[in-house]
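This report refers to the structure that appears directly beneath it.
4 protein chains.
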Amino acid sequence: MTKKSRFLQTPVEPFAVEAGLTAEQILSRMERISFQGRNLAVAHRVWLKMLESAGGLRMVVAHLIAKRYVDCLVSTGANLYHDLHETRGQHHFLGSPHADDAALAEDHIDRVYDTYADEEEFIDNDNWIATFAASLDSRPYTSREFLYRLGGHLWEATGRDGILTAAYRAAVPIFCPAIADSSIGMGLSQARQKRAGAGQIDIIGDIVESANLIIRRPRTASVVLGGGTPKNFINQASVQAEFYSPEVGGHKYALQIVTDVPHFGGASGSSLEEAQSWGKLATDAARASVQADATIALPILASALEMSARTILARRQMPLFSMEERTMTIDGHTVPSDRFEDLNEPAV
Amino acid sequence: MTKKSRFLQTPVEPFAVEAGLTAEQILSRMERISFQGRNLAVAHRVWLKMLESAGGLRMVVAHLIAKRYVDCLVSTGANLYHDLHETRGQHHFLGSPHADDAALAEDHIDRVYDTYADEEEFIDNDNWIATFAASLDSRPYTSREFLYRLGGHLWEATGRDGILTAAYRAAVPIFCPAIADSSIGMGLSQARQKRAGAGQIDIIGDIVESANLIIRRPRTASVVLGGGTPKNFINQASVQAEFYSPEVGGHKYALQIVTDVPHFGGASGSSLEEAQSWGKLATDAARASVQADATIALPILASALEMSARTILARRQMPLFSMEERTMTIDGHTVPSDRFEDLNEPAV
Amino acid sequence: MTKKSRFLQTPVEPFAVEAGLTAEQILSRMERISFQGRNLAVAHRVWLKMLESAGGLRMVVAHLIAKRYVDCLVSTGANLYHDLHETRGQHHFLGSPHADDAALAEDHIDRVYDTYADEEEFIDNDNWIATFAASLDSRPYTSREFLYRLGGHLWEATGRDGILTAAYRAAVPIFCPAIADSSIGMGLSQARQKRAGAGQIDIIGDIVESANLIIRRPRTASVVLGGGTPKNFINQASVQAEFYSPEVGGHKYALQIVTDVPHFGGASGSSLEEAQSWGKLATDAARASVQADATIALPILASALEMSARTILARRQMPLFSMEERTMTIDGHTVPSDRFEDLNEPAV
Amino acid sequence: MTKKSRFLQTPVEPFAVEAGLTAEQILSRMERISFQGRNLAVAHRVWLKMLESAGGLRMVVAHLIAKRYVDCLVSTGANLYHDLHETRGQHHFLGSPHADDAALAEDHIDRVYDTYADEEEFIDNDNWIATFAASLDSRPYTSREFLYRLGGHLWEATGRDGILTAAYRAAVPIFCPAIADSSIGMGLSQARQKRAGAGQIDIIGDIVESANLIIRRPRTASVVLGGGTPKNFINQASVQAEFYSPEVGGHKYALQIVTDVPHFGGASGSSLEEAQSWGKLATDAARASVQADATIALPILASALEMSARTILARRQMPLFSMEERTMTIDGHTVPSDRFEDLNEPAV
């Protein structure tokens, strides 16, 4: 027992309870406990490192956009739709997971686990989106371009904060590869009833654009909240970019807060290590994977970052986007959606 | 104790082990045990009922298409891509979830939990898809139309069975709303490098077409394997269809085999009851929800159906699709993707 | 692509659906698919290997005892209590997980997820156990000795098959380390109201006895269904035995069917690999871990074994227990509960 | 839309990020979000209510004992063993869940998911426990009595804080119904090698004592961290107590932080509603169930309580235990382990 094993380096230290601890202090005391508590603390540290690096593609929700904790967002359509619902001055309501769903259906109330919403307000949203989409030119828009314009329209109409409006004002691009699988997609489809040729979304253009973004700013970090299509889209962008640029070698930082598990083989619950085999992540990427509901982990993490990342954020050289035109620019350079920027091609 | 409670109707009966039991016999003996075993048996019964009804929209994987256990498929891009990989004569390989992913990355091996594949073969697939996509007309294709043509091309090239080829031969439509989030999407994006204007997918058209399908054949059933975008897309089609047709009132049958759970609020793990509040399911829909990996549940369920559904299948009036043209038909009627068939509109 | 990586050895093969497949055929076709389906097939193969070896400590439920698929059982008290309930001619009933529990409480119906039982029958069981326990001598009994006598009393009273009665008739020992946390424990506690000094259980003696069993028959296999205290008790017996016998080196075979996951740090969901670090399993142990509800996996596995293990079972040299006396014997040798058999001690 | 449904009462309010938020402020801002985040906030509120009530049986870990957030603890043996390990001045170490377990086994390092410990130190602990147990009288001890004496011995030997020592000093009883399934049980079994008749634990006496405790102080609350045997033992105590006292009617408050799920039928993941059908909880019990790893939820909850519960704790009338003798007393009244205090019996 005199000679410790090489495996025994850093002792676990118990969490010391104290009144008035801030989020940052709580996470700092969780760094040397075990299991998911420790992982949440590591996630905090990895995020700080992300912000300190030269950075590129990253994503998380609303406030983090405005303060530029993230430079880019990939989202499900549902998240953006429920955001639009609230920004338009409507509400979600506290409900019960044990509700009588037939009674809810009769009252035209839609349930999302323990949360209710008014179906008529949803129908009104769909129509509002359809009307806006029908007012656009009859040409394909990437989801990124469409969502930027939708955010702008929403800001003009409401002047209220939210994910879409914050992204519009901070000029942070949002990609939504599965937009067809959401009520925003339903609104877009209804635009065709209002005007022939309306509601065209070029999601393949989103693939090109997101990869070009990484080709331009190759040292990227990925923040995943909850899995699903956004998780794979972020990772695939990195793999796709590498085809055309030798400088891209997987995300350099990765952080995921998931509830899904790896052992059923789905991408949603897959480990960050598995992502390394694909080249989605660099094999030496700093990383943290937390098994927790984002509704618990994110409030704590964001509260802590608001304190701990203050000076890092202030001196950070963030990428600057312009999205006024059909083709986006980053730091003054165009990011085309119709062709990859091929750095492997010999210069003419 | 002489008077039993109204709650105590049907006694649980233990499963009796016997040599040589078939899948159907096993499921039949599981009908009166508890927990997920019982749910799997109920799922079998619900599926049989689905087939006996006049039916409409239903979905599950390969063999079930050819035998028309299902009339329509909604899939992730990943499932179809890995199908194409095998149909092209390549393999996935038994692997370990505890692999050294850095070593795999060095060997260009991609890992999916306990399964390996050759990255170079994947790059070849992507290029094969890109070449095919670049050979198509420079116009938007719904994912349904594109996948039908891809299936046809694959059948001509290989003559091998698979999901895409079976669907092509049986004229069963496949929708892939999140096609941009997959290697099929990556192949489509690479088509733009081969020919300007290639790789256009009209996923909003898919929303219109899938709803029109339900408007035409309103008594539908949904079979969900694993959650994700297909689950919501199937359910949303039913909600969308109801806007335009008073006859549609949610799926009449629903069956899901999921590993995700409801309590984190995601659509992927949401309960069939929650779906009723939205009108995705009829409030009196026959339903079964099984918490199990589909790789366990589906082989047993399909093996059992192959026996139990024989006569039902033989006398079934299945919908007939034609997909040779840009606009699909069902039983001779067109299913447009540019406009909902509005049965609420007064006849001219 | 001409030279495959060392990682790509065995191609995945799709499951072929066919009418009339037996459980054994289904599992055999699942051996080369992916994820938990493959794991279930591997579990079948590992179990067959267990039976072919010289064998020792193993455990699973009722039928497997009578046919001696297992030589020993470790159980929760709840499993044995619900077994006793049915053997006494009472029932569990099909119920709903969405029941109104206040209404059930009013009717004195106890719910276990989707299964109901009559509380008055439970109270009667408790009293029946208490009366039997009060009839025993005023001395401590290991849970193993008590459960053998309880099984005998139950067989005399009912002549019906069940776990307790099958174990009694086949002379298979049952350990229940957490017997105090169950209604059997409640029955034992009520025996003290009937007679002072009744209801004494020597669970520490169970530790000694289970380790001595392994010291006697050291090449052991463990079959875990569902985690909890039985899982660790089986593994701890192997570790404890090794203190006193150089021949014991962890279980040689291990199979677990669990729904719990490793990442929260509990023993219940811990991996078989983690068990190797403790010496609970030999580092070269054949093993299979399946993430599935036992109510799905076990009927299939047992149905398959009934066919596949037939000849192996017939020629198997199983250990023979005698439990008529306070001290158990195995193959004629005593297995004390008051002292470990120390093979490290020099012979006198 | 003018008339809202009765279901839409309380709007969801977004979490507002701010630098320097304390745990209490974070939880207060989580009260009106959705999913598990909301549940964690409700758990905080329920715990405060528990402390304000006249209260009785409650349980949670170390610090909460000393400050008397809880009046009684039910624990697994493993938790107490790892506590003893640290109190004896030894450590657990940060490790990796992806470790090479064969290499760890060679170095005699035991792994618990992402945490390592030195096996030789564990062997030394076992021996230390065995020596202490062999020094006690040759008679059965309830786990409660044994653990009180063990805590006292540990305090004398080390003078260090921990669960066992805090409980000893605060005179808070600890029950460990599955003590045989742990390394404390292994230490007790080894005591028999040191002295015949040592290591006797009367776990059935623990059932009697815990029920008598509730009979004495019937308005109880239960706090469950992680499920397993402690969860059911706490609940069963309430059911058992009701047999002998008309005043007991299930716990009045209940709070569980679990990662297990209900749909596989195990007690560990069962819902608080299911517990109501059994009478374990009052049908009007205030309750909160949080799906989260306790290593995340508890540091936050305890940090918040340390602030929010300050005044409530100060004016609280907590039950006073004395455990110097074989028979425990509460507020001066004896709590026997050999017989239930039957309040249904007519007074003599």
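Protein chains in written order, with our numbering: chain L, 41 to 388; chain D, 41 to 388; chain G, 41 to 388; chain Z, 41 to 388. In this text, a Cβ means the ideal position worked out from N, Cα and C, and glycines have one as well. Please read all numbers here as calculations on a predicted model, not as lab measurements.
### Query
If you compare alpha carbons, which of Z:Met226, Z:Ser68, Z:Gly245, Z:Ser45 is closest to aspartate 164 (chain Z)?
For aspartate 164 (chain Z), the nearest C-alpha among the options comes from Z:Met226.
### Message
Please report whether the beta-carbon of tyrosine 293 (chain Z) lies at a distance below 8 Å from any beta-carbon of chain G.
### Response
Not an interface residue.
### Proximity to glutamate 381 (chain L) [Cα-Cα], best of L:Asp333, L:Ile247, L:Ser262
Among L:Asp333, L:Ile247, L:Ser262, the Cα nearest to that of glutamate 381 (chain L) is on L:Ile247.
### Query
Going by DSSP, which residues form a beta bridge with valine 298 (chain G)?
DSSP lists G:Gln331 as partners of valine 298 (chain G).
### Query
For chain D, is any of its Cβ atoms less than 8 Å away from the one on threonine 269 (chain L)?
Judged by the 8 Å Cβ criterion, threonine 269 (chain L) is in contact with chain D.
### Task
Compute the Euclidean distance between the alpha carbons of arginine 327 (chain L) and threonine 155 (chain Z), then round it to the nearest angstrom.
Rounded to whole angstroms, arginine 327 (chain L) and threonine 155 (chain Z) show a C-alpha spacing of 18 Å.
### Query
Taking buried to mean at least 16 other C-beta atoms within 10 Å of its own C-beta, is alanine 230 (chain Z) buried or exposed?
With the sequence shown as reference, residue 230 (chain Z) is identified as glutamine, and alanine is not the correct amino acid for it. Using a 10 angstroms sphere on the CB of glutamine 230 (chain Z), the tally of other CB atoms reaches 16 or more, which defines it as buried.
#### Entry: Host alpha helix (DSSP H) of alanine 210 (chain Z) (start-end)
Segment 203–210, the alpha helix (DSSP H) holding alanine 210 (chain Z).
### Message
For the structure I just gave you, are there three or more beta carbon pairs, one from the stretch 319–326 of chain Z and one from the stretch 273–285 of chain Z, closer than 8 Å?
### Response
Counting Cβ pairs under 8 Å, three or more are found: they touch.
#### Entry: Short-range partners of chain L found in the stretch 315–344 of chain D, where Cβ spacing is below 7 Å
Flagged, chain order: Gln316, Ser317, Trp318, Gly319, Thr323, Asp333.
### Task
Would you mind telling me which residues of chain G sit closer than 8 Å to glutamine 76 (chain L), beta carbon to beta carbon, in chain order?
Below the 8 Å Cβ cutoff, chain G contributes His303, Phe304 as neighbours of glutamine 76 (chain L), in chain order.
### Message
Can you check whether the C-beta of histidine 138 (chain G) is within less than 8 Å of a C-beta belonging to chain D?
### Response
Under the 8 Å criterion on CB atoms, histidine 138 (chain G) is classed as interfacial with respect to chain D.
### Message
Measuring only the C-alpha atoms, how far is aspartate 141 (chain L) from serine 136 (chain G)?
### Response
One C-alpha to the other measures close to 15 Å.
### Query
What is the residue span of the beta strand (DSSP E) that histidine 150 (chain Z) lies within?
Here residue 150 (chain Z) turns out to be aspartate, not histidine, going by the sequence shown. Unbroken beta strand (DSSP E) run through aspartate 150 (chain Z): 149–152.
### Message
Rounded to whole angstroms, what is the Cα-Cα separation between serine 175 (chain Z) and isoleucine 214 (chain Z)?
### Response
Annotation: serine 175 (chain Z) to isoleucine 214 (chain Z) spans about 21 Å, alpha carbon to alpha carbon.
### Query
Is methionine 368 (chain D) helix, strand or coil when you go by DSSP?
Three-state DSSP puts methionine 368 (chain D) in a strand.
### Query
Going by the CB atoms, is the gap between isoleucine 297 (chain Z) and alanine 261 (chain Z) shorter than 8 Å?
Contact flag unset, no.
### Query
Is the stretch 180–187 of chain L close to the stretch 240–255 of chain L, with three or more CB pairs under 8 Å?
Yes, they touch.
### Task
Out of G:Pro258, G:Ser222, G:Glu64, G:Asp150, point me to the one whose CA is closest to methionine 347 (chain G)'s CA.
Answer by Cα proximity: G:Glu64.
### Task
Give me the Cβ distance between alanine 211 (chain L) and methionine 363 (chain L), rounded to the nearest whole Å; I'm assuming they're in contact under 8 Å.
About 6 Å separates the two Cβ atoms, so the contact holds.
#### Entry: Segments of 3+ residues assigned as beta strand (DSSP E) that fall wholly inside the stretch 216–299 of chain L
Runs found: 261–265, 291–298.
### Message
For a quick check, are the C-beta atoms of leucine 67 (chain G) and isoleucine 336 (chain G) less than 8 Å apart?
### Response
Their beta carbons are not under 8 Å apart, which means leucine 67 (chain G) does not touch isoleucine 336 (chain G) by this criterion.
### Query
For valine 100 (chain D), which residues of its own chain have a beta-carbon under 7 Å away from its beta-carbon, when the five flanking residues on both sides are left out?
Reliability of the predicted coordinates at valine 100 (chain D) is poor, the pLDDT of 35 falling under 50, and no value is obtained from them.
### Query
I think aspartate 123 (chain L) touches glycine 199 (chain L), with their Cβ atoms under 8 Å apart; what is that distance to the nearest whole Å?
At roughly 15 Å, the Cβ-Cβ gap does not stay under 8 Å, so aspartate 123 (chain L) and glycine 199 (chain L) are not in contact.
#### Entry: For tyrosine 156 (chain D): DSSP bridge partner residues
When DSSP reads this structure, tyrosine 156 (chain D) sits in a beta bridge with D:Phe133, D:Arg151.
### Task
Mind checking which residues open and close the beta strand (DSSP E) that includes threonine 351 (chain D)?
Segment 350–354 is the alpha helix (DSSP H) holding threonine 351 (chain D); no beta strand (DSSP E) there.
### Message
Quick check: what's the CA-CA separation for threonine 50 (chain L) versus arginine 78 (chain L)?
### Response
Between the C-alpha atoms of threonine 50 (chain L) and arginine 78 (chain L) there is a straight-line separation of about 13 Å.
### Message
Going by C-alpha to C-alpha distance, which of G:Gly245, G:Trp195, G:Thr351 sits closest to lysine 107 (chain G)?
### Response
The closest CA to that of lysine 107 (chain G), considering only G:Gly245, G:Trp195, G:Thr351, is found on G:Thr351.
### Task
Starting from threonine 127 (chain L), trace the beta strand (DSSP E) both ways and give me its first and last residue.
Threonine 127 (chain L) -> not in any beta strand (DSSP E); alpha helix (DSSP H) instead, spanning 117–127.
#### Entry: Residue from L:Asn384, L:Tyr153, L:Leu187 with nearest C-alpha to glycine 117 (chain L)
By alpha-carbon distance to glycine 117 (chain L), the top candidate from L:Asn384, L:Tyr153, L:Leu187 is L:Leu187.
### Query
Name the chain L residues that come within less than 7 Å of alanine 390 (chain D), Cβ to Cβ?
Not covered by the structure: residue 390 (chain D). The range shown for chain D is 41 to 388.
### Query
Does the distance from the CB of glycine 245 (chain D) to the CB of serine 377 (chain D) come in under 8 Å?
Yes, the pair counts as a contact, with Cβ atoms nearer than the cut-off.
### Query
Using the C-alpha atoms, what's the distance from valine 301 (chain L) back to glutamate 314 (chain G)?
Between the C-alpha atoms of glutamate 314 (chain G) and valine 301 (chain L) there is a straight-line separation of about 18 Å.
### Query
What does a CB cutoff of less than 6 Å around arginine 98 (chain D) pick up in its chain, not counting 5 residues either side in sequence?
Note that arginine 98 (chain D) scores a pLDDT of 23, beneath 50, so its modelled location is shaky; the value from the coordinates is reported in the next line. Hits under 6 Å: Val110, Asp111, Ala261, Val263.
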